[in-house]
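Here's the structure we're looking at; comments come further down.
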Amino acid sequence: MKERIEDMYQVNLNLDNLPAIRYTKREDFSLQWTGYPVGIKVQDVHYVFNHLKFKVLVHKYEESNMVGVIGAGDGAELITTRDNSSSTDPPAYMAVGFEVVPCSFQHDPQLLKNVTTYGKYPTSVKCDPVTVSMAIKAGQSITYSYEVSFVESDIKWPSRWDAYLKMEGAKVHWFSILNSLMVITFLAGIVLIKILRTIRRDLARYEELDKEAQAQMNEDLSGWKLVVGDVFRAPENPELLCAMVGDGVRILGMAVTTIFFAALGFMSPASRGALITGMLFFYMFLGVFAGYVAVWLLRTIASGDSKGWFSVSWKVACFFPGIAFLILTTLNFLLWGSHSTRAIPFSTFLVLLLLWFCLSVPLTLLGGFFGTRSPRLEYPVRTNQIAREIPVQRFPSWVLLLGAGTLPFGTLFIELFFIMSSIWLGRVYYVFGFLFIVLVLPVTVCAEVSLVLTYIHLCVEDWRWWWKSFFVSGSVAIYIFLYSINYLVFDLKSLSGPVSAILYLGYSLLMVMAIMLATGAVGFLSSLFFVHRLFSWVKID
Numbered sequence: 321m322k323e324r325i326e327d328m329y330q331v332n333l334n335l336d337n338l339p340a341i342r343y344t345k346r347e348d349f350s351l352q353w354t355g356y357p358v359g360i361k362v363q364d365v366h367y368v369f370n371h372l373k374f375k376v377l378v379h380k381y382e383e384s385n386m387v388g389v390i391g392a393g394d395g396a397e398l399i400t401t402r403d404n405s406s407s408t409d410p411p412a413y414m415a416v417g418f419e420v421v422p423c424s425f426q427h428d429p430q431l432l433k434n435v436t437t438y439g440k441y442p443t444s445v446k447c448d449p450v451t452v453s454m455a456i457k458a459g460q461s462i463t464y465s466y467e468v469s470f471v472e473s474d475i476k477w478p479s480r481w482d483a484y485l486k487m488e489g490a491k492v493h494w495f496s497i498l499n500s501l502m503v504i505t506f507l508a509g510i511v512l513i514k515i516l517r518t519i520r521r522d523l524a525r526y527e528e529l530d531k532e533a534q535a536q537m538n539e540d541l542s543g544w545k546l547v548v549g550d551v552f553r554a555p556e557n558p559e560l561l562c563a564m565v566g567d568g569v570r571i572l573g574m575a576v577t578t579i580f581f582a583a584l585g586f587m588s589p590a591s592r593g594a595l596i597t598g599m600l601f602f603y604m605f606l607g608v609f610a611g612y613v614a615v616w617l618l619r620t621i622a623s624g625d626s627k628g629w630f631s632v633s634w635k636v637a638c639f640f641p642g643i644a645f646l647i648l649t650t651l652n653f654l655l656w657g658s659h660s661t662r663a664i665p666f667s668t669f670l671v672l673l674l675l676w677f678c679l680s681v682p683l684t685l686l687g688g689f690f691g692t693r694s695p696r697l698e699y700p701v702r703t704n705q706i707a708r709e710i711p712v713q714r715f716p717s718w719v720l721l722l723g724a725g726t727l728p729f730g731t732l733f734i735e736l737f738f739i740m741s742s743i744w745l746g747r748v749y750y751v752f753g754f755l756f757i758v759l760v761l762p763v764t765v766c767a768e769v770s771l772v773l774t775y776i777h778l779c780v781e782d783w784r785w786w787w788k789s790f791f792v793s794g795s796v797a798i799y800i801f802l803y804s805i806n807y808l809v810f811d812l813k814s815l816s817g818p819v820s821a822i823l824y825l826g827y828s829l830l831m832v833m834a835i836m837l838a839t840g841a842v843g844f845l846s847s848l849f850f851v852h853r854l855f856s857w858v859k860i861d
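Add 320 to a position in the sequence shown, counting from 1, and you land on the number used in my numbering.
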C-alpha cells in the first residue's frame with residue numbers, strides 16, 4: 321500500500337457513466353481532477369483515504385428531456401424515490417453530477433463491533449480532506465466507509481458533461497494559435513515575396529531574350545535552372561517512398577476526419593471508446609485513398625508504367641500497420657509478463673488482425689487498382705540520360721533537415737502538453753475545436769518549410785529533393801519524441817519501474833512514427849507540385 325501511495329496510484333469510479341470528479345481548492349482558483357489518490361504521504365508517514373464522501377447531483381425527470389437524453393449518446397438511468405404515504409407515482413431523478421471528497425479517518429474499533437458490511441455507521445464521520453489520521457501500519461486492518469448525499473440540481477441531462485469538458489487554459493490555447501499564425505505568416509512571406517518574386521524575375525528576363533540569346537544564356541545558367549535535366553530523375557527506393565507517402569496521407573486523413581467530427585460533437589466522451597472506434601473506422605476505409613495516392617505517385621515516377629502497383633499497394637497496407645502491430649505485441653507481452661489488467665486480450669488482437677487483412681488490405685489494393693487507371697502527373701521537362709554531378713555543399717543536408725523540424729514543432733508544443741496530460745494524467749481533453757485548428761496550422765507550416773528547403777537545395781544544384789522533402793517536414797517527429805522523453809522525466813515522476821517507462825516510450829514511438837509519415841507526406845506532395853509548377857515555366861529543350 322505504501323508503494324502504491326508513493327507511485328501516486330489513482331482510484332477511478334463511475335456512476336451512471338459519469339466519472340467521479342474531485343475539486344482541490346487553492347487561494348484564488350480551484351483544480352478539477354477525475355478520481356482520487358489511494359493515499360498521501362506526509363512527513364514520511366503514509367495515510368490512506370479510507371472514507372469517501374459522495375455527492376450525487378440529480379435532476380428531476382421530465383419527459384421533454386428525453387430528446388436531449390437520446391441525443392447525448394448515453395443511456396439515462398432513473399433514480400426513483402420511495403414514498404409509502406403517497407398514492408401517486410413517485411418522482412424519478414437522473415444523475416447529472418458525481419463528486420467525491422476522499423478523507424483519511426481513524427475509525428473507533430469499539431463502534432465497528434456491531435457494524436455489518438453495508439450497514440449504517442452509528443455516528444457521523446467528520447470528513448475533513450485537509451487533515452489525515454488513518455496512518456498505515458504493519459498488520460493493521462483498514463476499514464473503508466462512505467456516505468452519499470443526493471442534491472437536486474438545475475443541470476439538465478444534456479449538459480451534465482459540461483463540468484468535465486470545461487476548457488482549461490483558454491488563453492494558453494489562443495496564445496498557441498497566435499504563435500502558429502505568426503510562424504505561418506513569416507514563412508508565407510519568405511515563400512511569396514522572396515522565392516516567387518525571384519523566380520518570376522528570372523523567368524521574365526529569360527522570356528525577353530531572343531532565341532540566340534536564350535541559347536547563350538542556357539550555357540550561363542546558374543542555380544535551380546541548371547538541374548532542369550535531373551530534377552525529375554527517379555529517386556532511390558521509389559516503391560518505399562510511395563508506400564510511406566500513401567500511409568502518411570491515410571494517417572493525416574484519419575486525424576483530420578476524426579478531429580473534425582469530434583469537434584462537431586459526434587464523438588462524445590459519454591460514449592466510451594467512440595474516439596478510438598472512429599479512428600479505426602476512418603483508417604480502414606481511407607485505405608482506398610492511400611493505395612490510390614501511392615500507385616498514382618509510382619506511375620508518375622515511372623513515367624506512366626503501372627508495373628509494380630500490386631507490390632506498392634501491399635506495402636502501403638502493411639508498412640505502418642506492421643510497425644504498429646510489432647510495437648503493440650511487444651508491449652503486450654510486457655503487460656502479460658507483469659500480470660497487468662491493461663493487457664490487450666487475445667480476442668481483441670484477433671479482431672484487429674481480421675480488420676487488417678479482411679478489410680484494410682483489400683481496400684488498399686482496390687485503391688491501388690484505381691490508381692492504375694488514373695492520369696499521372698506529366699513532367700514538363702525531359703530527364704537527361706547521364707546524371708549531373710552535385711557540387712560539394714557548404715553544409716551537410718542533415719543539418720537543414722534537423723533545423724527545419726523546429727518550426728512545425730514550435731506551432732504545436734503548447735497543445736502537445738495538454739494532449740500528453742490528458743493521455744497520461746487522466747484529464748479530460750475535449751477542446752477538439754482548438755485541436756483541429758492546431759492540426760491545420762502545423763500542416764501548413766510543414767508544407768511551407770518543405771517548399772523553402774526544396775528551393776534551397778535546387779539553388780545549390782542538388783536535384784535529389786525527393787526523400788529530403790519528405791524528411792524535412794517529417795523531422796518534426798524527432799522533436800516530439802524528445803519532448804515525450806522530457807515529459808517522462810519532469811512531468812511523470814510518479815512513473816516507476818522499467819516496464820512503465822518502456823510502455824510509455826513504446827506508445828510515444830508509435831505516435832511519432834505516425835506523425836512522421838503524415839507530416840512527411842504533406843511536405844513531399846507540396847514540394848512535388850511546387851517543383852512541377854516551377855519547371856513548367858521554364859522553356860529549355
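We put the CB at the ideal spot given by N, CA and C, even for glycine.
Exposed or buried, which one is residue i when buried takes at least 16 other CB atoms within 10 Å?
| i | result |
| --- | --- |
| residue 735 | buried |
| residue 472 | exposed |
| residue 810 | exposed |
| residue 337 | buried |
| residue 365 | exposed |
| residue 646 | exposed |
| residue 345 | exposed |
| residue 659 | exposed |
| residue 457 | exposed |
| residue 641 | buried |
| residue 854 | buried |
| residue 632 | buried |
| residue 464 | exposed |
| residue 788 | buried |
| residue 585 | exposed |
| residue 459 | exposed |
| residue 437 | exposed |
| residue 652 | buried |
| residue 567 | buried |
Going by DSSP, which residues form a beta bridge with residue i?
| i | result |
| --- | --- |
| residue 683 | None, per the DSSP bridge assignment. |
| residue 361 | 366 |
| residue 716 | Note: residue 716 sits in no beta bridge, so no partner. |
| residue 338 | 335 |
| residue 330 | 357 |
| residue 465 | 371 |
| residue 422 | 372 |
With DSSP collapsed to three states, give me the class of residue i.
| i | result |
| --- | --- |
| residue 353 | strand |
| residue 768 | helix |
| residue 389 | Because residue 389 sits at a pLDDT of 43, beneath the cut-off of 50, its placement in the model cannot be relied upon, and the following sentence gives the value as read from the coordinates. Reduced to three states, the DSSP call for residue 389 is helix. |
| residue 379 | strand |
| residue 500 | helix |
| residue 776 | helix |
| residue 472 | strand |
| residue 556 | coil |
| residue 373 | strand |
| residue 412 | strand |
| residue 530 | Any reading at residue 530 must be qualified, since the residue scores a pLDDT of 48, below 50, and its modelled position is unreliable; no value is offered. |
| residue 698 | coil |
| residue 417 | strand |
| residue 795 | coil |
| residue 344 | strand |
| residue 452 | strand |
| residue 587 | coil |
| residue 853 | helix |
| residue 879 | Summary: the structure shown does not reach residue 879, with the chain confined to residues 321 through 861, and so no result is reported for it. |
| residue 674 | helix |
| residue 805 | helix |
| residue 286 | Residue 286 lies beyond the residue range present for the chain, which begins at 321 and ends at 861; the question has no answer from this structure. |
| residue 743 | helix |
| residue 706 | coil |
Could you tell me how far apart the beta carbons of residue i and residue j are, in whole angstroms, since I believe they sit closer than 8 Å?
| i | j | result |
| --- | --- | --- |
| residue 711 | residue 796 | No, residue 711 and residue 796 are not in contact; Cβ-Cβ is about 29 Å, not under 8 Å. |
| residue 756 | residue 800 | So it is not a contact: roughly 18 Å between Cβ atoms. |
| residue 838 | residue 498 | Contact flag wrong, Cβ pair sits at about 24 Å. |
| residue 613 | residue 548 | So it is not a contact: roughly 26 Å between Cβ atoms. |
| residue 359 | residue 368 | 4 Å |
I'd like to confirm something about residue i: is its beta-carbon nearer than 8 Å to some heavy atom of the ligand GDP, or not?
| i | result |
| --- | --- |
| residue 447 | Summarising the ligand content, the structure contains no ligands, and the ligand GDP is consequently not present. |
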